[in-house]
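Trainee: One structure, as structure tokens, below. Some questions next.
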Amino acid sequence: MNLNGLPYVIEPMQLRDVAEVMEIERLSFPTPWSARAYRYELQENNLSHYLIARPQRPLSKKEPGFLARLRRERLVERLRRSLRVTASPGVNILGYGGFWLMAGEAHISTIAVRAEWRRRGIGELLLVAMLERAVELGGDLAALEVRVSNVAAQSLYGKYGFAKVGRRPRYYSDRGEDALIMTTKHLTSAAFQSGFQRLKAELRQKLVERFSPQPQEVLDSPSTIP
């Protein structure tokens, strides 16, 4: 997905990211993974693929198109402040997700976003990035487990072609809650890709519109105000 002009970047997770990932992990899940588990996934598990979402990096004056990008970044920063979504000092990672690719199946193992950055398309962007990466790696299907009570997540997955195909009783040990098993059709099929490409375009447009005010809004914005 083309991220040019958007306030977020999607990148592979690195070992240096684990400390920040753990901040989000502990606040997102009742039974969080350990930092050691993430280090294992990144260093030793050749089947795993993890991504992070972060704000656009600072610009360099030596980069081509610096002035145009600088104007865009300043606009994004004013909008963030107006929406009260400015990242706290030291915050670099806004969300993350990962999957294991086994025998052609991309099994999504986790996806989480900082609480104060939720409902802004970051989780959906991570899901799109994982599905794209799975296709690049030769994945044929995608699958995941989701709590039966997590209706919002089920809705997002359903939007991207995941269908409920089974149930794992008492899968989540913290409350003994069941998990729904959801899978996609063939990721490279025309049926899946036509819908996927449409949803990607809609997501990009939504993010662009969210961080691109109308001309009058720019004129009316205080100078102290993405």
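Numbers given in the working numbering equal positions in the sequence shown, counted from 1, plus 473.
Each residue gets a CB set at the ideal place from its N, CA and C atoms; glycine is no exception.
Kindly indicate if chain D contains any beta-carbon less than 8 Å away from that of residue 681.
Mentor: Given the protein chain composition of this structure (a single chain), no chain D is represented.
Trainee: Thinking just about the alpha-carbon of each residue, which of 645, 626, 643 and 597 is nearest to the one in residue 637?
Mentor: What you label residue 637 is simply residue 164 of the sequence shown in a count that begins at 1. Minimum Cα distance to residue 637 is reached at 626.
Trainee: Might you give, ordered along the chain, the residues of its own chain that have their beta carbon closer than 7 Å to the beta carbon of residue 651, omitting 5 neighbours on each side?
Mentor: Along the sequence shown, one-based indexing puts residue 651 at 178. Contacts found: 621, 640, 641, 642, 643 and 644.
Trainee: Within the continuous alpha helix (DSSP H) that includes residue 502, where are the two ends?
Mentor: Mapped onto the sequence shown, residue 502 falls at position 29. Segment: none, residue 502 is in no alpha helix (DSSP H) and carries neither H nor E.
Trainee: Give the DSSP-derived three-state secondary structure of residue 593 in the structure shown.
Mentor: Against the sequence shown, residue 593 aligns to sequence position 120. Correct three-state label for residue 593: coil.
Trainee: Is the region 662 to 682 touching the region 578 to 592 in the sense that three or more CB pairs, one from each, lie closer than 8 Å?
Mentor: In short, these stretches do not touch, since the Cβ pair count stays below three.
Trainee: Near residue 564, which residues of its chain fall below 8 Å by C-beta distance, leaving aside the five closest residues on each side in sequence?
Mentor: As a working mapping, residue 564 is identified with position 91 in the sequence shown. Only 493 and 587 meet the Cβ criterion.
Trainee: List the endpoints of the continuous beta strand (DSSP E) containing residue 588.
Mentor: In the sequence shown, residue 588 corresponds to position 115, counting from 1. Residue 588 -> no beta strand (DSSP E), and no H or E assigned at all.
Trainee: For residue 629, tell me which candidate among 656, 614 and 481 has the shortest Cα-Cα distance.
Mentor: Here residue 629 corresponds to residue number 156 of the sequence shown, with the count starting at 1. Measuring from the Cα of residue 629, the nearest candidate turns out to be 656.
Trainee: Starting from residue 489, follow the alpha helix (DSSP H) in both directions and report where the run begins and ends.
Mentor: Residue mapping note: residue 489 aligns to position 16 of the sequence shown, counting from 1. Premise fails: residue 489 is in no alpha helix (DSSP H) and is neither H nor E.
Trainee: Ends of the beta strand (DSSP E) at residue 644?
Mentor: Translated into the one-based positions of the sequence shown, residue 644 becomes position 171. From DSSP, the beta strand (DSSP E) with residue 644 extends over 636 to 645.
Trainee: Distance, Cα to Cα, residue 633 vs residue 669?
Mentor: As a position in the sequence shown, residue 633 is number 160, starting the count at 1. As a position in the sequence shown, residue 669 is number 196, starting the count at 1. Cα-Cα distance, rounded: 7 Å.
Trainee: From residue 504 to residue 647, what distance separates their C-alpha atoms?
Mentor: Sequence index remark: in the sequence shown, residue 504 carries index 31 (1-based). Sequence index remark: in the sequence shown, residue 647 carries index 174 (1-based). Those two C-alpha atoms are separated by around 7 Å.
Trainee: Rounded to whole angstroms, what is the Cα-Cα separation between residue 477 and residue 523?
Mentor: Here residue 477 corresponds to residue number 4 of the sequence shown, with the count starting at 1. Here residue 523 corresponds to residue number 50 of the sequence shown, with the count starting at 1. Those two C-alpha atoms are separated by around 21 Å.
Trainee: Between 475, 529, 480 and 572, which has its C-alpha nearest residue 511's C-alpha?
Mentor: As a position in the sequence shown, residue 511 is number 38, starting the count at 1. When only C-alpha atoms are compared, the closest one is 572.
Trainee: Enumerate in chain order the residues of its own chain whose CB-to-CB distance from residue 484 is below 6 Å, with the five nearest sequence positions on each side excluded.
Mentor: Here residue 484 refers to the residue found at position 11 when the sequence shown is read from its first residue. For residue 484, where only same-chain residues beyond five positions count, the Cβ hits under 6 Å are 525.
Trainee: Which residues mark the beginning and the end of the alpha helix (DSSP H) in which residue 628 is found?
Mentor: As a first step, residue 628 is located in the sequence shown; it is residue number 155 there, counting from the start. First-last of the alpha helix (DSSP H) with residue 628: 624 to 632.
Trainee: Tell me residue 614's beta-bridge partners as DSSP assigns them.
Mentor: As a working mapping, residue 614 is identified with position 141 in the sequence shown. BP columns for residue 614 point to 578.
Trainee: With the cut-off set at 8 Å, would you say residue 567 and residue 481 are in Cβ contact?
Mentor: On the sequence shown, residue 567 is found 94 positions in, with the first residue counted as 1. On the sequence shown, residue 481 is found 8 positions in, with the first residue counted as 1. Yes, the Cβ-Cβ distance between residue 567 and residue 481 is below 8 Å.
Trainee: From the DSSP output, in three-state form, read off residue 567 for me.
Mentor: To locate residue 567, count along the sequence shown from 1; it is residue 94. Residue state, collapsed to three classes: coil.
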